[in-house]
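Student: Right, I'll just put the structure down here and ask away after.
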Amino acid sequence: MSDDDAWDAIFRSQPDTARTEQGSAAPGSSTGSPAGAPVGGPAAAEPPVTRAALRERGAAAPDRRSARQILDEGRPPRRRRVWPWVLGVLLLLGGLGAGAVAYAWANYEPQLREALGWELPNDYEGTGNGTEVLVTITPGEIGSDIATTLQEQGVTMTYDAFYDLLLADPSIAFQPGTYALQEEMSAQSALDALLDPANRRESTATIREGLRAGQVIDILSAATGVPLADYEAAIADLAALGLPPEAPTVEGYLFPATYTFEPGTPAIDQVRRLVDETFARLDARGVAAEDRHRVLTIASLVQSEARLPEDFYRVSRVIQNRLDDGWRLEFDSTAQYGSAQADGSVFSTQETLEADNPYNTYVIEGLPIGPIGNPGDLAVEAALAPAEGPWLFFVTVNLDSGETVFSETVAQHEEGVAQLRRWCSENPGNSACG
Numbered sequence: 001m002s003d004d005d006a007w008d009a010i011f012r013s014q015p016d017t018a019r020t021e022q023g024s025a026a027p028g029s030s031t032g033s034p035a036g037a038p039v040g041g042p043a044a045a046e047p048p049v050t051r052a053a054l055r056e057r058g059a060a061a062p063d064r065r066s067a068r069q070i071l072d073e074g075r076p077p078r079r080r081r082v083w084p085w086v087l088g089v090l091l092l093l094g095g096l097g098a099g100a101v102a103y104a105w106a107n108y109e110p111q112l113r114e115a116l117g118w119e120l121p122n123d124y125e126g127t128g129n130g131t132e133v134l135v136t137i138t139p140g141e142i143g144s145d146i147a148t149t150l151q152e153q154g155v156t157m158t159y160d161a162f163y164d165l166l167l168a169d170p171s172i173a174f175q176p177g178t179y180a181l182q183e184e185m186s187a188q189s190a191l192d193a194l195l196d197p198a199n200r201r202e203s204t205a206t207i208r209e210g211l212r213a214g215q216v217i218d219i220l221s222a223a224t225g226v227p228l229a230d231y232e233a234a235i236a237d238l239a240a241l242g243l244p245p246e247a248p249t250v251e252g253y254l255f256p257a258t259y260t261f262e263p264g265t266p267a268i269d270q271v272r273r274l275v276d277e278t279f280a281r282l283d284a285r286g287v288a289a290e291d292r293h294r295v296l297t298i299a300s301l302v303q304s305e306a307r308l309p310e311d312f313y314r315v316s317r318v319i320q321n322r323l324d325d326g327w328r329l330e331f332d333s334t335a336q337y338g339s340a341q342a343d344g345s346v347f348s349t350q351e352t353l354e355a356d357n358p359y360n361t362y363v364i365e366g367l368p369i370g371p372i373g374n375p376g377d378l379a380v381e382a383a384l385a386p387a388e389g390p391w392l393f394f395v396t397v398n399l400d401s402g403e404t405v406f407s408e409t410v411a412q413h414e415e416g417v418a419q420l421r422r423w424c425s426e427n428p429g430n431s432a433c434g
């Protein structure tokens, strides 16, 4: 017999129940007789004995039980003693040498540990060793997946320690996300940490209406820690973002809202999320895919020029009226965007007004080539539903309150511009006055 066969035989023949001192099997055991032998042994061949004879024999036979046997009657059965076979194993190990020891330990370590009282713990104690570990729960993962992740990342000692807690309480529910835990946490501490929203790690970025693409990616980079260069590359890949062919840049397609991102989310995925949000908002308003670019372009002009909510719809009407009449829009916001005038003044320089570029509506007919900022919901709504009115001009006359004058004639408009200049002379500290 090989060493392997010998060890397999030893562990297959471990005693399962305690034997009596006479060597017969305990009640319920099938090990009292060798396999294949009659349960009664040689006595089975003797002639049958009547019940009366048996009673007579029993009455006449002396009680041969020892005092210890009599005292033991009625006591719970003794626990099996494992040490005899363990002792045998140890003696055999000594005789067979190191190779046999290695084989036994490699193949029967759990049994040996249990027999020798050397069981390993399956759980850590406490709330961790101070080394942070980020654990991500993805949508669709179940408890066994999470138990595996925790063990693999060194948070819990064993799979079973954590999974047993889930089996004990089927009501436990996890929320997808990334959570900050520690190495070497007890299973209960790890579970508590995953259920505590305070341990969730995510980056939050708030994009307000009217910001330009460069400002948007500055905010995203500051919020997430992803390098700005990654965002610059992302917004340049218009095809990957799914923008329409007429879009010259990503401008106008980065919807203003508050976004949360899991740690490690690539810049391209973040930017794509903003673009997808823009498409979703337009779809919700019934804007056809082929009309998206035009609607966003108009909405961006409204967002840049209007100050008060009610004026969004009036500015939209001015745009529509001038387009319908074949007039140039002549919006300073478009001229400044095309020339990159970024001094914050509401007054454009002469150079800006005369610059020949596809955004400058003082020079070109119709709408600019694309949006000049990223409009919000109100601006999109106003672009789709302008107010009714005859206005062809407007000018904001109070840069603090946002009061805006709408007019039908050049003379009325010039009076409005004069009113703005008077306000600026009375408020020299306002940077928008230039």
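First residue of the sequence shown? That's 1 in our numbering, and the numbers climb one at a time after it. Where is the CB? At the ideal position from N, CA and C, for every residue including glycine.
(1) Which first and last residues belong to the alpha helix (DSSP H) in which Ala180 is found?
(2) Going by C-alpha to C-alpha distance, which of Ile217, Asn427, Ala198 sits closest to Val275?
(3) Please classify Ala52: does DSSP put it in a helix, a strand, or coil?
(4) Should the segment 132-141 be regarded as contacting the segment 157-173, the criterion being three or more beta carbon pairs within less than 8 angstroms?
(5) Out of Thr260, Val397, Val302, which one is the CA nearest neighbour of Ala418?
(6) Identify, in the order they occur along the chain, each residue of the same chain with its Cβ nearer than 7 angstroms to the Cβ of Arg272, setting aside the five sequence neighbours on each side.
(7) Between which two residues does the beta strand (DSSP E) containing Glu132 stretch?
(8) Going by Cα to Cα distance, which pick from Ile298, Ser300, Val318 is closest to Trp327?
(9) If Glu232 and Ala180 are in contact, beta carbons under 8 angstroms, what's the gap, nearest whole angstrom?
(10) Quick check on Ala205: does DSSP put it in helix, strand or coil?
(11) Would you mind working out which of Asp324, Ala342, Leu323, Val346 sits nearest Asp332, comparing C-alpha positions?
(12) Please list the segments of the beta strand (DSSP E) lying wholly inside the segment 349-401, counting only runs of 3 or more residues, in order along the chain.
(13) Give me, in chain order, the residues of the same chain whose beta-carbon lies closer than 7 angstroms to that of Phe424; leave out the 5 immediate sequence neighbours on both sides.
(14) Check Ser407 in the structure and name its three-state DSSP category.
(15) Tell me whether Gly338 is buried or exposed, calling it buried when 16 or more other Cβ atoms sit within 10 Å of its Cβ.
(16) Considering Cα atoms alone, identify which of Pro428, Glu381, Arg208, Tyr108 is closest to Asn374.
(17) Could you pull out every unbroken beta strand (DSSP E) segment of at least 3 residues lying fully inside the segment 257-322, listed in chain order?
Tutor: From the atom records:
(1) Run containing Ala180: none in the alpha helix (DSSP H); it sits in the beta strand (DSSP E), 177-182.
(2) Answer by Cα proximity: Ile217.
(3) Note that Ala52 scores 47 on pLDDT, short of 50, meaning its location in the model is unreliable; the coordinates nonetheless yield the value given after this. Annotated three-state conformation of Ala52 is helix, per DSSP.
(4) Touching, no.
(5) Here the closest residue by C-alpha is Val397.
(6) These residues qualify, in order along the chain: Leu241.
(7) Start and end: 132-137.
(8) Considering only alpha carbons, the answer is Val318.
(9) Not really, about 30 angstroms apart at Cβ, beyond 8 angstroms.
(10) Here Ala205 sits in strand by DSSP.
(11) Of the candidates Asp324, Ala342, Leu323, Val346, the one whose C-alpha sits nearest the C-alpha of Asp332 is Val346.
(12) Fully enclosed beta strand (DSSP E) runs of 3 or longer: 393-396.
(13) Contrary to the premise, residue 424 reads as Cys rather than Phe in this sequence. Taken in chain order, the residues that qualify are Asn430, Cys433.
(14) Ser407 carries a strand assignment under DSSP once its states are collapsed to helix, strand and coil.
(15) Buried, because 16 or more other Cβ atoms sit within 10 Å of the Cβ of Gly338.
(16) It is Arg208.
(17) As far as the segment 257-322 is concerned, its whole beta strand (DSSP E) runs of at least 3 residues are 258-261.
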